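What follows is a short report on a single structure.
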Amino acid sequence: MRQLIEVDERLAPVQGVLADALARVESRFDAQLGSDLPAVRELCAHVERYRGKMLRPTLVVLCALAADPRAALRPEPTHVTDAHVTVAAVCEMVHMATLVHDDVLDEAENRRRGRTVNHLYGNEAAVILGDYLIASAFELCTQLDSVSSARLIGGVSMTTCAGELLQLRCRDEYSIDEPTYFEIVERKTAALIGASCELGAMHAGADPATSRRLAEFGRRLGVAFQVQDDLLDLTGQEAVVGKSLGRDLAKGKLTLPMIHHLARATPAQRGRSLRLAESAARNGEEADNAARSLRDALAATESISHARDAARRHADEARALLADLHDSPAREFLDRLAVAVVERAF
1 MRQLIEVDER LAPVQGVLAD ALARVESRFD AQLGSDLPAV RELCAHVERY
51 RGKMLRPTLV VLCALAADPR AALRPEPTHV TDAHVTVAAV CEMVHMATLV
101 HDDVLDEAEN RRRGRTVNHL YGNEAAVILG DYLIASAFEL CTQLDSVSSA
151 RLIGGVSMTT CAGELLQLRC RDEYSIDEPT YFEIVERKTA ALIGASCELG
201 AMHAGADPAT SRRLAEFGRR LGVAFQVQDD LLDLTGQEAV VGKSLGRDLA
251 KGKLTLPMIH HLARATPAQR GRSLRLAESA ARNGEEADNA ARSLRDALAA
301 TESISHARDA ARRHADEARA LLADLHDSPA REFLDRLAVA VVERAF
């Protein structure tokens, strides 16, 4: 797992609890996907390589530690419950399913510096594997005492799919506006991150108001995370980011920098930028040159800085929602994580 933040002495106890909890999440994840069929085991073993930042399980654990109503009475973070491990594994399974399906839709070849499932095994296997992950997540939800978690995961899974459908409808739509873009992001990415935070708080015994506040924290953080992802797709280095870049342009998906640029550009600039985008979506030296020229065009209309400002604004809104939590290393960890989300290069 790649670390988003540097951990100092104050946060070391939280990092220790978090590392132990994430190891338990990985074990729960692997055990849940076990199968007596070698073909299924092979595919599930491959998707385990998709693990990267483990952001959603991390947020389940950190929000549990920060929202625990008893935490103010203890100087050190406490043990993470089995219910938290379960809901964290569920959130990661739903996320993994979306990654597998996204790679099919984007015809991506690389993920986490390795080959994608669809590239190695074909689209049919990748689609069914994504379905298998979703089904496994819901089956794992039944192991919890309350149905509220399953209801929340069910609702957020529908929201995520609705966001993907809206994005598909808007492909090759060059007049898409910023409100539509943010509607897609809120549904496709931010909803599941918000649910991860809410589930962590709920299973820590937090009151409903605190759980809702952390859910909103997660949604604001999720928007910031996705805007930064979209920036990296245009400006990042594939060896650092760890997945195929330029796929948004290749599949006709306009993200915030391009939407802002096309709205501000002259008709002649728009035409040139769209031609550059088409060329950048191809492979080879010509594509690299086009991508550089497109980045220059985006910089000229301040569209890259506009997107960076939007990511930082949403991260700041997320951080402000932590103010009512009691002071603790877990809260500080969440605050630093919100900063790191928009400063990352991967």
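No gaps in the numbering here: position 170 of the sequence shown is 170 in my numbering, and each next residue is one more. Just so it is clear, CB atoms sit at the ideal spot from N, CA and C, and this is done for glycine as well. Nothing here was measured: the structure is a model prediction, and the numbers come from that model.
Member of the options whose CA lies at the smallest distance from the CA of residue i
i: A125; options: T86, S305, V60 and V104; result: V104
i: L62; options: C161, L322, I259 and D106; result: L322
i: H306; options: D324, A280 and A263; result: A263
i: A66; options: A340, E317 and A206; result: A206
i: E173; options: F138, G252, R220 and Q15; result: G252
i: V47; options: L133, P13 and A89; result: L133
i: L234; options: A190, F333, L140 and A345; result: A345
i: L249; options: T266, P267 and R282; result: R282
i: T81; options: E139, D20 and R212; result: D20
i: G68; options: A209, L192 and L43; result: Residue identity differs from the one stated: residue 68 is Asp in this sequence, not Gly. It is A209.
i: A318; options: S328, T301 and V341; result: V341
i: A150; options: E178, E198, L165 and F182; result: E198
i: E9; options: L298, A330 and A338; result: A330
i: F29; options: V14, E183, V7 and A135; result: A135
i: A64; options: A299, S211 and I184; result: S211
i: A137; options: E343, C91 and D106; result: C91
i: R187; options: L4, L22 and Q167; result: Q167
Boundaries (first-last residue) of the alpha helix (DSSP H) holding residue i
i: H46; result: P38 to V47
i: Y132; result: N123 to C141
i: V104; result: D82 to D106
i: R28; result: A12 to Q32
i: G205; result: Careful: G205 lies outside any alpha helix (DSSP H) and carries neither H nor E.
i: H260; result: L256 to R264
i: G347; result: Here the chain comprises residues numbered 1 to 346, so residue 347 is not present and cannot be evaluated.
i: H306; result: S303 to A320
i: S179; result: With the sequence shown as reference, residue 179 is identified as Pro, and Ser is not the correct amino acid for it. Note, P179: alpha helix (DSSP H), E178 to V185.
i: I364; result: The question about residue 364 has no answer here: the residues shown for the chain are numbered 1 through 346.
i: P69; result: Per DSSP, P69 belongs to no alpha helix (DSSP H) and is neither H nor E.
i: A340; result: P329 to E343
i: D296; result: E285 to A300
i: L4; result: It is not in any alpha helix (DSSP H) - L4 carries neither H nor E in the DSSP assignment.
i: R270; result: P267 to A280
Exposure label - residue i; buried when at least 16 CB within 10 Å
i: R169; result: exposed
i: G194; result: buried
i: R171; result: exposed
i: N118; result: buried
i: A239; result: Note that A239 scores a pLDDT of 47, beneath 50, so its modelled location is shaky; the value from the coordinates is reported in the next line. So A239 ends up on the exposed side.
i: G130; result: buried
i: R111; result: buried
i: H95; result: buried
i: P38; result: exposed
i: D230; result: buried
i: P57; result: buried
i: A108; result: buried
i: M158; result: exposed
i: H326; result: exposed
i: G163; result: buried
i: D335; result: buried
i: V227; result: buried
i: G155; result: exposed
i: A201; result: buried
i: R70; result: exposed
i: L165; result: exposed
i: A191; result: buried
Check: residue i C-beta below 7 Å from any heavy atom of the ligand ZN
i: L334; result: Questions concerning the ligand ZN fall outside what the structure shown contains, since it holds no ligand whatsoever.
Cβ of residue i within 8 Å of any chain D Cβ
i: L322; result: Looking at the structure shown, chain D is missing, and only one protein chain is on hand.
When you compare the region 86-98 with the region 135-153, are there three or more beta-carbon pairs, one atom per stretch, that lie closer than 8 Å?
yes
Are the region 282-298 and the region 203-223 touching, with three or more C-beta to C-beta distances below 8 Å?
no
Would you call the region 269-280 and the region 311-325 in contact, with 3 or more CB pairs under 8 Å?
no
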